[in-house]
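Numbering (our numbering), first residue to last: 745 to 960. Only one structure is covered here, and it is reproduced in the block below.
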Ligand SMILES: NC(=O)c1ccc[n+]([C@@H]2O[C@H](COP(=O)([O-])OP(=O)(O)OC[C@H]3O[C@@H](n4cnc5c(N)ncnc54)[C@H](OP(=O)(O)O)[C@@H]3O)[C@@H](O)[C@H]2O)c1
């Protein structure tokens, strides 16, 4: 995949994915609602990468071959809806989790279509939606020296799109793609993020997921 765009790429989650993609030699367009802010964020990252990262408006990020949605859940549909035509026939990866804080825990929210990936699939009927990256701690993703070795669970109804995303992930340092299945599983995958984040709050950690016992 030669170019990857990240909508809402200026947050911790998008930045972490951007750094690891660029480290794999990919050209990454880090998108924002404000191109000037994206430029500033990318400039401040100053991470040595073999690919390139560029700060742009979300509209420009949406022109890439593969586009990742990395906004908060309550801004995701509002972000992608005006980009529906630009994103038609493209692979759109959702890393969005719908959760709310309840004391020292995160609580997954119930959504009409079962998951944020499902909500995006409904908003972008001509796009190829894949869910991935949900459980990764952003701090470890952005720090290339963190020693991260994590599984990335993938879901999606389009098997070919899933395989493309799995190849991209397998090329990112420290990550291993594990295809779970269809978009019907996205709600469970996203909800489990609330468990992961709550564990990290309780244990003051940045733990991550590894799945052992799978064939290479
Ligand atoms: N943080 C993690 O460790 C992590 C890990 C895996 C998955 N995720 C998921 O990834 C997503 C982003 O997480 P994050 O921690 O990076 O979130 P964030 O910092 O709150 O938001 C990411 C970016 O989205 C844009 N944004 C904020 N509010 C928006 C709105 N209402 N509409 C459109 N764009 C908006 C902002 O960029 P501009 O102001 O530049 O437009 C912001 O920098 C979430 O859905 C989260 O569940 C997070």
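A virtual CB, placed ideally from N, CA and C, is assigned to each residue, including glycine.
Endpoints, alpha helix (DSSP H) assigned at residue i
i	result
residue 787	779–789
residue 920	Counting along the chain, residue 920 falls outside any alpha helix (DSSP H), though it belongs to the beta strand (DSSP E) covering 919–925.
residue 882	882–886
residue 828	828–831
residue 860	860–867
residue 946	930–946
residue 820	817–824
residue 694	No answer is possible for residue 694: it lies beyond the span of the chain, which begins at 745 and ends at 960.
Any non-hydrogen atom of ligand 3 closer than 8 Å to residue i Cβ
i	result
residue 783	Among the ligands modelled here, namely ligand 1, ligand 3 does not occur.
Neighbourhood of residue i by C-beta, 7 Å cutoff - its chain only, sequence neighbours within 5 removed
i	result
residue 817	840, 841, 842, 860
residue 924	897, 898, 899, 933
residue 906	874, 898, 900, 923
Ligand 1 heavy atom lying under 8 Å from the CB of residue i
i	result
residue 852	no
residue 752	yes
residue 927	no
residue 877	yes
residue 840	yes
residue 803	no
residue 758	yes
residue 818	yes
residue 755	yes
residue 860	yes
residue 942	no
residue 843	yes
Element boundaries [beta strand (DSSP E), containing residue i]
i	result
residue 852	849–852
residue 767	Segment 756–767 is the alpha helix (DSSP H) holding residue 767; no beta strand (DSSP E) there.
residue 771	771–776
Sequence-distant residues of its chain with Cβ nearer than 6 Å to residue i (five each side left out)
i	result
residue 838	813, 860, 861, 864, 875
Whole-angstrom C-beta distance between residue j and residue i, which should lie under 8 Å
i	j	result
residue 898	residue 952	In fact, because the Cβ distance is near 15 Å, the residues do not count as touching under 8 Å.
residue 807	residue 752	With 8 Å as the limit, residue 807 and residue 752 do not qualify as a contact, their Cβ atoms being about 16 Å apart.
residue 824	residue 797	The pair is not a contact, with the Cβ atoms about 21 Å apart (cut-off 8 Å).
residue 775	residue 820	The Cβ separation is near 13 Å, so there is no contact.
residue 791	residue 888	6 Å
Residues near residue i by beta carbon distance below 8 Å, same chain, minus five either side
i	result
residue 909	810, 835, 837, 874, 876, 898, 900, 921
residue 926	899, 900, 901
Decide if the region 951–958 is in contact with the region 862–875; the criterion is three or more beta carbon pairs, one per stretch, under 8 Å apart. No contact exists between the region 951–958 and the region 862–875.
If we count Cβ pairs, one from each stretch, closer than 8 Å, do we get three or more for the region 913–923 versus the region 842–854? Short answer: they don't touch.
Is the number of C-beta pairs between the region 824–832 and the region 775–785 that are closer than 8 Å three or more? Output reads no: the region 775–785 does not touch the region 824–832.
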